[in-house]
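Asker: Residue numbers (full-length UniProt numbering), protein chains in the order written: chain A, 1 to 200; chain B, 1 to 200; chain C, 1 to 200; chain D, 1 to 200.
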DNA sequence: TAGTAAACGAGACGGTACGTCTCGTCTTAAG
DNA sequence: CTTAAGACGAGACGTACCGTCTCGTTTACTA
């Protein structure tokens, strides 16, 4: 879900030469995250990342194919703290909890995610990686919904992928387009809506 | 929702000097739209727009405050062909029709919209205008849903704004994040899901 | 012998648009000259010239095709103070005066000329211009020698171009290769040697 | 005139460890010479030399203090085939032969020498070594001129160093500045000029 | 037969410059 | 006043080379 090995090791040579300095990777990603989270007008340039990280531009380009790749990996690293999958016994409360947690995390990383998508929209190459990362992160919600289906709280015929598109769609819509907040209340209402009891 | 008069005419002087040439506005917007719809890697620069339109950069900046504003207005102009509000007597079919039309239009303008959002994500100023435009366009769907509510096809308590966020959220999610198609089938399934009879 | 208009005016359009700011040209050439004359280790980069001149790099590249071209023009501008062609009545004294003046000027501009040639040796394009400039400057010496020939102080059969290659050769040899000084005494001895009375 | 033992072995420790691999030195110098002689635009970088020689950059820097030093030694190695000192009995023919040979050798190594000087002009350190090499090579011509003086073919008072500066000056001038050929005819004319019978 | 010291390849790294690009502002002269 | 042409400063882009610095392996001499 991250990493950045530029040339696959050709044959099975055990590796020679100086090893990659992990401090460099860390410094770059930390600087990238910091700049990404910076004030809204601030541009996130490779020059700026290199300067802040005390690293040469060339070194960044050695390990990451594009700016988007750096930003994505910074976000991935930064977003490592997984949102827990709750199990309260009822789908609607599980969902509400999960979404509230997710929304809170997303709100905190708002500027960062907006800029990440902005980069992806301008760079086909990094867009693909970004897509894969985002799609991979749907697993948590999916397992939650599947459990609801197994328990009979959700009709077996319900198309979960569509449901998930609606949920994550709302989230990104608020974040990217409407620029309106994602509250715990939104989480609760969305949970009820999805669980089929929207107005209880 | 369009236009762009930068300096309000000060006092009530009847106007002196050369008049604004409407052909300039058209040429700029047409060129912008053409470049926006171009191949995915192509950059849409003010220089390119000016060159293609046979117009000076300065003229563009006189009438529009930023690149984003030009692009937005180009999209607005281009998207003038309104999606009709159907009235088949049943919410689910109305919705399906409306969404299918909308999806079709959006798919056609895909590259264009992606670039528009990319610009908005980098330019706070144009983001605001863009937001207003997009929000304004929610009116059609809202009237449709309200009618459904009045007819009793949708519970009176249902929060339409949330529902709309889900619908448009899915649309933008597919467009910007997942980069997956929006089919007529998706429209139908989404319509059923929203109308409360997801699996009929 | 200088200037640098990049695109020839195509057809006979009378010219529109903002005019080239002569202050920019001056600032660039002055900064280039200053850096060229700087301490021996110092590199003369376009970035440095731009920074010192308070000018954008792009502006430099707009008007000069390469670094070498900037440096050459800076030198040309700087070397405008022509060495006078003396007329004392005798070739040997004329020559001695002329060479002493030339040597003095060249010594003063030593670092500058060394760097200029260094650039020319690495950039075929600027080498050509530089060659033309240097060859053009041979006119003074030539007229002096021709006069000597006409007066009978130099054999009519003497090949002046070869003689001049020896004279300027010595000068550049000392400057570029031997890095040894060019004194007034050298000028006098060289004058005697050329005038055919080397040991009077 | 060549070699490159970087740190003298401190005290009289008899030497331990792996010995220097002579193949490395050869490969480096051969690659350097080959690149030096390459097409005019081609850059001669340490990276390129290392790559072509199949040698690590570090190894090069272990044995040579700078790029200039490598290039100089490559040229020295390449120029080992000494130009013979002829003895025909007459200065003018001796000179003509010697210069024709020298010119031919220099013409063959043209690109190589130009690049060598280019490097020396940018690197004070290697300039010194280069100077020493070039000055050392003046011995042949000097002995020839001295013999001429002893034979009375050249005035005893003639300052040979100045004469040699004129000769080698012409050569380098043609090579570096004028970029014009050095022919056998030039050699003959220069020989006559120096021997005091320029128009026989 | 170990131990140890240097040579060597591979290649990471910080630094600096290159020449190109786009942005948004400013200037000029024509209509 | 509007417009086209286009100069300009700012600053990012991605590439190249420099010279230094680990690594881990290989080779040789010494104890």
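C-beta atoms are modelled at their ideal positions from N, C-alpha and C, and glycine is treated no differently.
If residue 52 (chain B) and residue 31 (chain B) are in contact, beta carbons under 8 angstroms, what's the gap, nearest whole angstrom?
Answerer: Residue 52 (chain B) to residue 31 (chain B), Cβ: 4 angstroms. Contact.
Asker: Can you grab the Cα-Cα spacing for the pair residue 101 (chain C) / residue 91 (chain D), in whole Å?
Answerer: The alpha-carbon atoms of residue 101 (chain C) and residue 91 (chain D) are separated by roughly 34 angstroms.
Asker: Measuring only between beta-carbons, confirm whether residue 40 (chain D) sits less than 8 angstroms from chain C.
Answerer: Yes, residue 40 (chain D) lies at the interface with chain C (some Cβ there is under 8 angstroms from its Cβ).
Asker: Does any residue of chain C have a CB that is nearer than 8 angstroms to the CB of residue 193 (chain D)?
Answerer: Taking Cβ atoms only, chain C reaches closer than 8 angstroms to residue 193 (chain D), which makes this a yes.
Asker: According to DSSP, is residue 201 (chain C) helix, strand or coil?
Answerer: There is no way to answer for residue 201 (chain C), as the model of chain C reaches only from 1 to 200.
Asker: Verify whether the separation of the beta carbon atoms of residue 145 (chain C) and residue 73 (chain C) is less than 8 angstroms.
Answerer: The answer is no: Cβ separation not under 8 angstroms.
Asker: Which runs of the alpha helix (DSSP H), 4 residues or longer, sit entirely within the region 61 to 128 of chain C?
Answerer: As far as the region 61 to 128 of chain C is concerned, its whole alpha helix (DSSP H) runs of at least 4 residues are 67 to 78, 91 to 108, 110 to 122.
Asker: Among the candidates B:112, B:113, B:117, whose CA atom is the shortest distance from the CA of residue 114 (chain A)?
Answerer: Nearest of B:112, B:113, B:117 to residue 114 (chain A), Cα basis: B:117.
Asker: Find out if the Cβ-Cβ distance for the pair residue 141 (chain B), residue 98 (chain B) is shorter than 8 angstroms.
Answerer: A contact, by the Cβ cut-off of 8 angstroms.
Asker: Rounding to the nearest angstrom, what Cα-Cα distance links residue 85 (chain D) and residue 94 (chain D) in this structure?
Answerer: So the alpha carbons of these two residues sit roughly 8 angstroms apart.
Asker: Can you look up residue 152 (chain C) in the DSSP assignment and give me helix, strand or coil?
Answerer: Coil, per DSSP.
Asker: Nearest-angstrom Cα distance between residue 193 (chain A) and residue 164 (chain A)?
Answerer: In a straight line, the C-alpha of residue 193 (chain A) is about 12 angstroms away from that of residue 164 (chain A).
Asker: Where do the ends of the alpha helix (DSSP H) carrying residue 24 (chain C) lie?
Answerer: Per DSSP, residue 24 (chain C) belongs to the alpha helix (DSSP H) from 22 to 36.
Asker: Suppose you measure from the CA of residue 151 (chain C) to the CA of residue 157 (chain C); what does that come to, to the nearest Å?
Answerer: Each residue's Cα considered, the two are about 13 angstroms apart.
Asker: Less than 7 angstroms between the CB of residue 137 (chain C) and some heavy atom of the ligand GDP, yes or no?
Answerer: For the ligand GDP, the structure offers nothing, since it holds no ligand at all.
Asker: With residue 245 (chain C) and residue 68 (chain C) assumed to form a contact (beta carbons below 8 angstroms), what rounded beta-carbon distance in angstroms separates them?
Answerer: Chain C is shown only over 1 to 200; residue 245 (chain C) falls outside these bounds and no answer can be derived.
Asker: Between the alpha carbons of residue 149 (chain D) and residue 160 (chain D), how many angstroms are there, rounded?
Answerer: Cα to Cα, the separation comes out at about 9 angstroms.
Asker: Could you please give the first and the last residue of the uninterrupted alpha helix (DSSP H) stretch that includes residue 169 (chain A)?
Answerer: Unbroken alpha helix (DSSP H) run through residue 169 (chain A): 160 to 172.
Asker: Compute the beta-carbon to beta-carbon distance between residue 35 (chain A) and residue 44 (chain A), rounded to the nearest angstrom, for a pair I have assumed lies under 8 angstroms.
Answerer: Sure, about 5 angstroms apart at Cβ, within 8 angstroms.
Asker: Quick one: measure Cβ to Cβ for residue 170 (chain B) and residue 38 (chain A), integer angstroms, because I've assumed they're closer than 8 angstroms.
Answerer: Residue 170 (chain B) to residue 38 (chain A), Cβ: 31 angstroms. No contact.
Asker: Starting from the C-beta of residue 191 (chain C), find all residues in its chain whose C-beta is less than 7 angstroms away, skip the five residues before and the five after it, and write them out in chain order.
Answerer: So the list reads 92, 95, 96, 99, once near-sequence residues are dropped.
Asker: When the Cα of residue 166 (chain C) is compared with those of D:155, D:187, D:154, D:153, which residue comes out closest?
Answerer: Selected option, being the one with the closest Cα: D:187.
Asker: Which residues in the same chain as residue 174 (chain B) place their Cβ atom closer than 6 angstroms to its Cβ, once the five residues preceding and following it in sequence are excluded?
Answerer: Here the set comprises 180, 182.
Asker: Name the two residues that bound the continuous alpha helix (DSSP H) containing residue 53 (chain D).
Answerer: Element bounds for residue 53 (chain D): 46 to 53.
Asker: With a threshold of 8 angstroms on Cβ separation, who are the neighbours of residue 70 (chain D) within its own chain once the five nearest residues in sequence on each side are excluded?
Answerer: The residues are 28, 29, 32, 46, 49, 60, 64.
Asker: At least one CB of chain D closer than 8 angstroms to the CB of residue 169 (chain C): is that the case?
Answerer: Yes, its Cβ sits closer than 8 angstroms to a Cβ of chain D.
Asker: Measure the C-alpha to C-alpha separation of residue 135 (chain D) and residue 127 (chain D) and round it to an integer number of angstroms.
Answerer: So the two alpha carbons sit approximately 12 angstroms from each other.
Asker: Can you check whether the C-beta of residue 124 (chain D) is within less than 8 angstroms of a C-beta belonging to chain C?
Answerer: Yes - at least one Cβ of chain C is within 8 angstroms of the one on residue 124 (chain D).
Asker: Going by Cα to Cα distance, which pick from A:75, A:26, A:79 is closest to residue 54 (chain A)?
Answerer: Of A:75, A:26, A:79, the residue nearest in Cα terms is A:26.
Asker: Quick one: what does DSSP say residue 15 (chain C) is sitting in, helix, strand or coil?
Answerer: Residue 15 (chain C) falls in the coil class under three-state DSSP.
Asker: Less than 8 angstroms between CB atoms is the rule here; does residue 181 (chain B) satisfy it with respect to chain A?
Answerer: By this cut-off, residue 181 (chain B) is not an interface position.
Asker: Alpha carbon to alpha carbon, what distance is there between residue 108 (chain A) and residue 58 (chain B)?
Answerer: Each residue's alpha carbon lies about 40 angstroms from the other.
Asker: Output yes if chain C places a C-beta closer than 8 angstroms to the C-beta of residue 166 (chain D); else output no.
Answerer: By this cut-off, residue 166 (chain D) is an interface position.
Asker: Under 9 angstroms between beta-carbons, which chain A residues line up against residue 72 (chain B)? List them in chain order, please.
Answerer: Near residue 72 (chain B) there are no residues of chain A at all, since even the closest Cβ is about 13 angstroms away, more than 9 angstroms.
Asker: Does DSSP classify residue 139 (chain A) as helix, strand or coil?
Answerer: If DSSP states are grouped into helix, strand and coil, residue 139 (chain A) belongs with the helices.
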